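Here is the structure we will look at, set down as structure tokens.
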Amino acid sequence: MSNPTWTNWAGTETCRPETIVKAVSVEHVSEVVADATKRGISVRPVGSGHSFAPLVPTDGIVLDVSALSGVVSVDKEAAQARVLAGSTIAALGEPLWNAGLTLRNQGAIDAQTIAGATSTSTHGSGLELKTMSGSIIGAELITASGELITIGPDDPRLPALRASMGTFGVIVSLDLELEPAFKLKETLDFWPFEEVLARWEEATHSHRHFSFVHGPMYDSSEELPPIPSNMKKPTLVRIYDQVDADAEDDATPSARLDRPYRIYPDVFTEPWEEIEPFAPYDTILDTIGECLEVMERYPSEFPLEARTVAKDDTWLSPANGRDSVAIDVCRPLGQDNLPFFREIDAVMARYGGRPHWGKQPYLHDRETYRNFYPKWDDFIALRRQLDPSGTFLNGPLRAIFE
Ligand SMILES: Cc1cc2nc3c(=O)[nH]c(=O)nc-3n(C[C@H](O)[C@H](O)[C@H](O)COP(=O)(O)OP(=O)(O)OC[C@H]3O[C@@H](n4cnc5c(N)ncnc54)[C@H](O)[C@@H]3O)c2cc1C
891 MSNPTWTNWA GTETCRPETI VKAVSVEHVS EVVADATKRG ISVRPVGSGH SFAPLVPTDG
951 IVLDVSALSG VVSVDKEAAQ ARVLAGSTIA ALGEPLWNAG LTLRNQGAID AQTIAGATST
1011 STHGSGLELK TMSGSIIGAE LITASGELIT IGPDDPRLPA LRASMGTFGV IVSLDLELEP
1071 AFKLKETLDF WPFEEVLARW EEATHSHRHF SFVHGPMYDS SEELPPIPSN MKKPTLVRIY
1131 DQVDADAEDD ATPSARLDRP YRIYPDVFTE PWEEIEPFAP YDTILDTIGE CLEVMERYPS
1191 EFPLEARTVA KDDTWLSPAN GRDSVAIDVC RPLGQDNLPF FREIDAVMAR YGGRPHWGKQ
1251 PYLHDRETYR NFYPKWDDFI ALRRQLDPSG TFLNGPLRAI FE
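According to this note's numbering, the residues represented by the sequence shown are 891 to 1292, in order.
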């Protein structure tokens, strides 16, 4: 029988593993992993396959945990919940809301699993809001021997586990810090680009979320406000402010008021390629001009997006130790986008840019990562301790993490 094919969302990462196993229980995960370790073959956990980076491909076992889904328990007073690792972000919205709680933040889509999203430090926008990994206060993990271990809030391994790209083991549940339910008031608007930059500091400090999308691709849309006819270089600004949970919903396009899990996600059907380096927050006025100059030399319909992220202590979070601005650029499939991405990376690297673990068609070399992250060597040591046989590595991950 021929090997199955696994492909990521964009169709840019693919492999022919020995098997793709859809885990049906924690015990099942444990058996599959223990057996693979005995046989010396690799296991790569996968969520929704929405990463652009070569994190999943293996010739061993692709272990799909998406069936381990749901909210296990909620502590409303403490604003915490235990959720199964394969729950999509979409699947968490309503049950948490019904329990009077909501996720602290989320990104542009909600199709990712919670373990997959946090494992790569998926983020939304908000200068006071960490990546989704920053909400993890505990986890249950199947390690290479098949043993189930618990990592609690005071465990020194927790800040490493929060964003570990599936290299420590298979996460089966996560304990999350949440917020009491609130709603969001959306304001989508077009501002002149110069105004966006002039007001960046004030706007990012005065709203829960302030981000912008700058590029050549706006045309009329029912979702977006009309572009003022005299505006040169219109820039879409996206503002979300927190309002009370009992505020009345409003469905007016570009001025909605609703529950966060209904406001945040977009739906994208056409795939693309993407990178999104994080640089220190206060570098935006330097990085943005240089990135736009590179974009002009590689013309495309795709815009640039800038979002803020609060600093955290997650060892390999791109926002580790510093408030950040993440600059996202996309390009269509079917052409060689690497020269463009490498130029954007080089601009961002000059200002301390660190790549998004899920949004990078290539990984950097080990030395580059060691320079990015103060706890890099500690991460490697812990990974080796938890997975001495390297069961959870594939080729690209072995090159940097072995
Ligand atoms: C259309 C689109 C929009 C996006 N929007 C955003 C955005 O707004 N913000 C942002 O930051 N990112 C965004 N991303 C990137 C995306 O959030 C990340 O790549 C995320 O990791 C994908 O989650 P997933 O469930 O698909 O995980 P996968 O891509 O399947 O896996 C990601 C990593 O998690 C590991 N993993 C998965 N499950 C487990 C588990 N149970 N235990 C241990 N490790 C596990 C995998 O091994 C892998 O290393 C977007 C991607 C796409 C395609």
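The beta-carbon is built from N, C-alpha and C at its ideal position, and this holds for glycine as well.
Predicted model only: the values in this text are computed from it and were never measured.
Item: Using a Cβ-Cβ cutoff of less than 7 Å, which residues in the same chain neighbour residue 893 once the five nearest sequence positions on both sides are dropped?; Value: 906, 907 and 908
Item: Judging by CA-CA distance, which residue of 1018, 897, 920 and 940 is the nearest neighbour of residue 1200?; Value: 1018
Item: So residue 1001 and residue 1102 are supposed to be a Cβ contact under 8 Å. How far apart are they, rounded?; Value: At roughly 24 Å, the Cβ-Cβ gap does not stay under 8 Å, so residue 1001 and residue 1102 are not in contact.
Item: Less than 7 Å between C-beta atoms, sequence neighbours within five positions excluded: which residues of the same chain meet that for residue 948?; Value: 905, 907, 932, 934 and 1284
Item: Check residue 907 in the structure and name its three-state DSSP category.; Value: coil
Item: Starting from the Cα of residue 992, find the closest Cα among 1006, 1005, 1052 and 973 and give me that residue.; Value: 973
Item: Determine which residues share a DSSP beta bridge with residue 1154 and list them.; Value: Answer is none; residue 1154 lacks a bridge partner.
Item: For the structure I just gave you, are there three or more beta carbon pairs, one from the stretch 921-929 and one from the stretch 1032-1039, closer than 8 Å?; Value: yes
Item: Within the present structure, is the beta-carbon of residue 1090 separated from the nearest heavy atom of ligand 3 by less than 8 Å?; Value: Questions concerning ligand 3 fall outside what the structure shown contains, since the ligands it does hold are ligand 1.
Item: Quick check on the burial criterion: 16 or more other C-beta atoms within 10 angstroms. Buried or exposed for residue 1250?; Value: buried
Item: Mind checking whether residue 914 and residue 975 have CB atoms under 9 Å apart?; Value: no
Item: Just list the residues that DSSP pairs residue 935 with in beta bridges.; Value: 953
Item: Any chance you could list the residues with Cβ under 5 Å from a heavy atom of ligand 1, keeping chain order?; Value: 899, 935, 936, 937, 938, 939, 940, 941, 945, 955, 975, 997, 998, 999, 1002, 1003, 1005, 1006, 1007, 1009, 1010, 1012, 1013, 1055, 1056, 1060, 1061, 1158 and 1248
Item: What does the alpha-carbon distance come out to for the pair residue 1185 and residue 1134?; Value: 40 Å
Item: Nearest-angstrom Cα distance between residue 1062 and residue 955?; Value: 8 Å
Item: Considering just the uninterrupted stretch of the alpha helix (DSSP H) at residue 1131, what are its terminal residues?; Value: That residue, residue 1131, is in no alpha helix (DSSP H); its beta strand (DSSP E) goes 1124-1133.
Item: Throw me the rounded Cβ distance for the residue 1013 and residue 1021 pair, which I believe falls under 8 Å.; Value: 4 Å
Item: Count the other C-beta atoms from every protein chain shown that fall within 10 angstroms of the C-beta of residue 1086, then say buried if there are 16 or more, exposed otherwise.; Value: buried
Item: Does the Cβ of residue 1119 have 16 or more other Cβ atoms within 10 Å, making it buried, or fewer, making it exposed?; Value: exposed
Item: In the DSSP assignment, find the beta strand (DSSP E) that holds residue 1076 and state where it starts and stops.; Value: 1073-1082
Item: DSSP three-state call for residue 981: helix, strand or coil?; Value: helix
Item: Taking a contact to mean a Cβ-Cβ separation below 9 Å, would you say residue 1099 touches residue 1128 in this structure?; Value: yes
Item: For residue 1071, is the classification buried or exposed, using 16 other Cβ atoms within 10 angstroms of its Cβ as the cut-off for buried?; Value: buried
Item: Hey, out of 1056, 1043 and 1039, whose CA is closest to residue 1006's CA?; Value: 1056
Item: Counting only the same chain and skipping the five closest in sequence on each side, list residues whose C-beta sits under 7 Å from that of residue 1177.; Value: 1169, 1217, 1237, 1238 and 1241
Item: Considering only residues of the same chain and omitting the five flanking positions on each side of residue 1041, which have a CB-CB separation below 7 Å?; Value: 1028, 1029, 1031, 1047, 1048 and 1051
Item: Does residue 1159 pass the burial test, meaning 16 or more other C-beta atoms within 10 Å, or should it be called exposed?; Value: exposed
Item: Given that a residue counts as buried once 16 or more other Cβ atoms are within 10 Å of its Cβ, and exposed if not, what is residue 1261?; Value: exposed
Item: What span of residues does the beta strand (DSSP E) with residue 1226 cover, start to end?; Value: No beta strand (DSSP E) holds residue 1226; DSSP gives it neither H nor E.
Item: Within the same chain, show all residues whose beta-carbon is closer than 8 Å to that of residue 1163, passing over the 5 residues directly before and after it, in chain order.; Value: 900, 902, 942, 1220, 1221, 1222, 1223, 1227, 1231 and 1251
Item: Check the C-beta distance from residue 1117 over to residue 1124 and give it rounded, since I have them as a contact under 8 Å.; Value: 5 Å
Item: Please classify residue 1104: is it buried, with 16 or more other beta-carbons within 10 angstroms of its beta-carbon, or exposed?; Value: buried
Item: Using a Cβ-Cβ cut-off of 6 Å (strictly less than) and excluding sequence neighbours within five positions of residue 1202, which residues of its own chain qualify?; Value: 1020, 1024 and 1209
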